[in-house]
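Here's the structure we're looking at; comments come further down.
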Amino acid sequence: MALIGYYNSNRCHSMRAMFLLFFSGGGRISHQRYQCKNSVEITRSFHSSTSLWQHNRPKQLKMDNHTKISIDSSKYPLARKDDSVVDDFHGTKVADPYRWLEDPGLNETKEFIKQLNSISQPFIASSPHRERLQKRLTELWDYEKFGCTTKRGDYYYYYHNSGLQNQSVLYRQKTLFGESEIFLDPNKFSEDGTTAIRDQCFSHDGSLLVYGLSEKGSDWMTLKFKKADGTDLDDTVVGVKHSDLDWLIDNSGVFYSKYPEHKSALEGSSTEKHEFHSLYFHKLGTPQSDDILVADFRSHPEYMCSGSITEDGRYLIVDVSRGCDPYNMLYYYDLQKAQQKITDKVHLKPLFDKLDAKYEFIDNNDDTALILTNHNAPMFKLIRVKMSTANEGPSAWETVIPEDKKNKLEWVVNVGGNRLVVSYIEDVKNKLYVHSPKTGDRFYEIPLEIGTISGFFGRKDHTEMFLRFDSFLTPGIIYYVDFKGIQPSHEVRLKEIRRTHVKGVDTSKFKIKQVFCKSKDGTKVPLYIVHNKNLILNGDTPALLNGYGGFNIAEMPHFSVSRILFLDNFKGVFALANLRGGSEYGEKWHEGGMREQKQNVFDDFIAAAEYLIKNNYTSPKRLAIRGGSNGGLLVGAVSQQRPELFGAVVNEVGVLDMLRYHKFTIGNAWIPEYGNPDEASDFEYIYKYSPLHNIEIPNKGYQWPSTMLMTADHDDRVVPSHSLKYMARLYEAAQSANSFQKKPLIIRVDVKAGHGAGKPTSKLIAEIVDMYCFLQKVLDLKWYEE
């Protein structure tokens, strides 16, 4: 299922194989407190200038209000206010005067977007280094990129991008080192590159491929089908969203998920709330109108479900979760008894029918299954269960690989039938081991450098294994092992079959350092710092600090040419903070940054910024922060709580309206992560930090930090109204303080683009060039030619 800030990947997500593709240029985009008593009715559009900022700012740190680059605040466009729109949240009245901006089809909304871009575009274009940035970033991006190799049927498949192609192309070869041929080129689907392959799955024997196409960055997919001999089938399935894909073992059809009651257009500008996610089966050669409803959960409209087939073809496994809840349920259906036929809604049997933990189906031998779970094991463990008795609870389970209290067990794949390849996250870097599938005993470690396994393929019925590795300074290496004829306990070494090189980059000039900074409550927070080896710690170096902190997503070390540009041509420092809310240290780390604990994420990020400043890596006026999606919520909140810490804020497709986020598209799935503002207890803590509702009118002592918002007209995950309403309020506040608010506040609204996944190379480069033009101006960055 697709979540906020997920990897741009093409995968057949099942228990038998993991196939992840990660091509990073700009890095992944990969969510003030104001005390209000429930008994008091307050109508609020903005805080007074003396509430949050003065209460939360430490007295010892003084804000630098000197601004070399400025915009006259009186020039900012003002949106029409409708003061009649006021909501009552449990006795607290909250004004929402710009609610009309939630309608993307309204002519007035489109006109306001034009006005916003009329401010941002000239400002960005006026950077004296714009041409240099465009030229340099294009040069850096123009390098060969390879996805992880996978074996399907008679062919080895892999994605490849020659450098500047808008979309990566699926190639294949008969032998591992033989000649390659193009199998599927998404660049042919649209002239501007905005049609992308968002998901795919080969049939078990590799003779058929189903793939999902998205338009203009939307999460909606249209399924297409192709034979291994190159023949395109006529079958088409529309309206697929947040779905896994998998085939019946006899190749007769495909399982997929959709929202059957969605009424508005199936394109990215729709904001209709998504409910009643359901599992369907499409039989090849039949119209979609004949597709069979396999499973739904009508009593729980917020549930999401997906289906996959065990490698032996015997079981349909149905994964059910409450939106983005970290806990899920598993059900199964015995296809063997049904003679591999799907003719009607199936009767599912429970494997685990309580939302009390995470359960992931790994492998099975007949009616015995391996399950990865964090039930009473926050760092995860591997258990063995009988399909018929698993739901009886822990007394019916056998532990195969026990929980490691320090390191998170991330994933397990059975390769070749007689070994388990196991990945751990150890202090925000991947470690790889081989274990016995029978006893769980560890045979040996497969050595890796410090970095990330960004792609992996292995299957129980194949002896070959492939993985893709990258890190901050390693663009990508494809490794290969063939276990054929090798005893499971016999140690093997990875063989390198492809290594990516970026022209004009000498990564030996840079240094990677991991430190641990103390958060407000004493928690140690990992912080990666990458910089030039000859860095002088004088506090005058520009720095870019990234963070995310949510949805159980680990922010791992990945390569990005845009970061290389910042390091090389601006002589900057890049830092990545691994905040609570992620999965770096298991479920307790995640829970420590969700719902009522969300302030911990902001405190962790503030601690990282303070560490960089205290240790003279940078200074507040030279420090920029960047976050997208849930990370946009992060930088929005911390820039309000501690504005004096930051010289610039880049907020990409941010979740900013925390009182109405759950009313649009997939937003209701985030309730388990954020809480529900319609519930009094949740509203109290959400309202305190919601960026839209904590916009301050600056005063003479404190300007709003230089800020750049970025959103897109076809973002149907975090709808653009989050950013549009935020900017409307921010401009209203700025005009109230136009005599001293000089630091620029701009927004870039992209067209024919979505949340980020599937975005063509041309748009990625344009977006990053604009971001650096903004940072160059507001941080007074100097350009260094190499």
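First residue of the sequence shown? That's 19 in our numbering, and the numbers climb one at a time after it. Where is the CB? At the ideal position from N, CA and C, for every residue including glycine.
| Query | Result |
| --- | --- |
| Whole-number beta carbon distance between I643 and L563, since they are thought to touch under 8 angstroms | 5 angstroms |
| Inter-stretch contact at 8 angstroms, needing at least 3 Cβ pairs: the segment 524–533 / the segment 604–618 | no |
| Cα-Cα separation between D223 and R170, rounded to whole angstroms | 7 angstroms |
| Spatial distance of Y546 from G600 (CA atoms) | 15 angstroms |
| Paired residues, beta bridge with L297 - DSSP | S275 and A313 |
| L438 to K478 span [Cα, whole Å] | 9 angstroms |
| Cβ contact (3+ pairs, closer than 8 angstroms) linking the segment 106–113 and the segment 138–158 | no |
| Validate contact between the segment 684–694 and the segment 118–132 using beta carbons, cut 8 angstroms, 3 pairs | no |
| Separation of N618 from W238, as counted between CA atoms | 34 angstroms |
| G325 classed as buried or exposed, judged by whether at least 16 other C-beta atoms fall within 10 angstroms | buried |
| Local Cβ density within 10 Å of Q794, reported as buried at 16 or more and exposed below that | buried |
| Simplified DSSP state of R660, which is helix, strand or coil | coil |
| Straight-line Cα distance separating D459 from I419 | 7 angstroms |
| Coarse secondary structure for H608, derived from DSSP in three states | helix |
| Y177: CB within 8 angstroms of a non-hydrogen atom of the ligand ADP | With respect to the ligand ADP, the structure shown offers nothing to examine, as it has no ligands at all. |
| Same chain only: Cβ atoms within 7 angstroms of A784, ignoring 5 sequence neighbours per side | none |
| Collapsed DSSP secondary structure at M789 in the structure displayed | helix |
| L202 beta carbon less than 9 angstroms from that of L226 | no |
| Inside the segment 154–212 only - beta strand (DSSP E) runs reaching at least 3 residues | 168–170, 173–179, 187–191 and 198–202 |
| S739 beta carbon less than 9 angstroms from that of L11 | Examination of residue 11 is not possible in this model, given that the chain is present from 19 through 804 alone. |
| Chain-order list of residues whose beta-carbon lies under 6 angstroms from that of Y174 (same chain, five-residue window excluded) | T167, Q191 and L194 |
| C-beta contact flag for V543 and A626 at 9 angstroms | yes |
| Close beta carbons around V653, own chain, < 6 angstroms, minus the five adjacent residues each side | I643, G645, V667 and N669 |
| With 16 other Cβ atoms within 10 Å as the buried cut-off, status of K9 | Since the first residue shown for the chain is 19 and the last is 804, residue 9 is missing from the structure and cannot be characterised. |
| Y377 - partner residues in DSSP beta bridges | T391 |
| Alpha-carbon spacing of T328 relative to D488, whole angstroms | 30 angstroms |
| Cut-off 8 angstroms between Cβ atoms - residues of its own chain near N56, not counting five sequence neighbours on either side | With a pLDDT of 28 at N56, under the threshold of 50, the modelled position of that residue is not reliable, and no figure is offered here. |
| Rounded separation between R148 and V787 - CA only | 7 angstroms |
| Buried/exposed call for H480, threshold 16 Cβ in 10 Å | buried |
| Counterpart residues of K245 in DSSP-defined beta bridges | L226 |
| Short Cβ contact (9 angstroms threshold) for F501 with V431 | no |
| Own chain, CB closer than 6 angstroms to A746, minus 5 neighbours either side, in chain order | A97 and Y116 |
| Top-ranked residue by Cα proximity to E691, from L663, Q658 and H608 | H608 |
| Among Y497, F577 and K363, nearest to G469 - alpha-carbon criterion | F577 |
| G590 classed as buried or exposed, judged by whether at least 16 other C-beta atoms fall within 10 angstroms | buried |
| Bridge partners - W429, DSSP secondary structure assignment | S441 |
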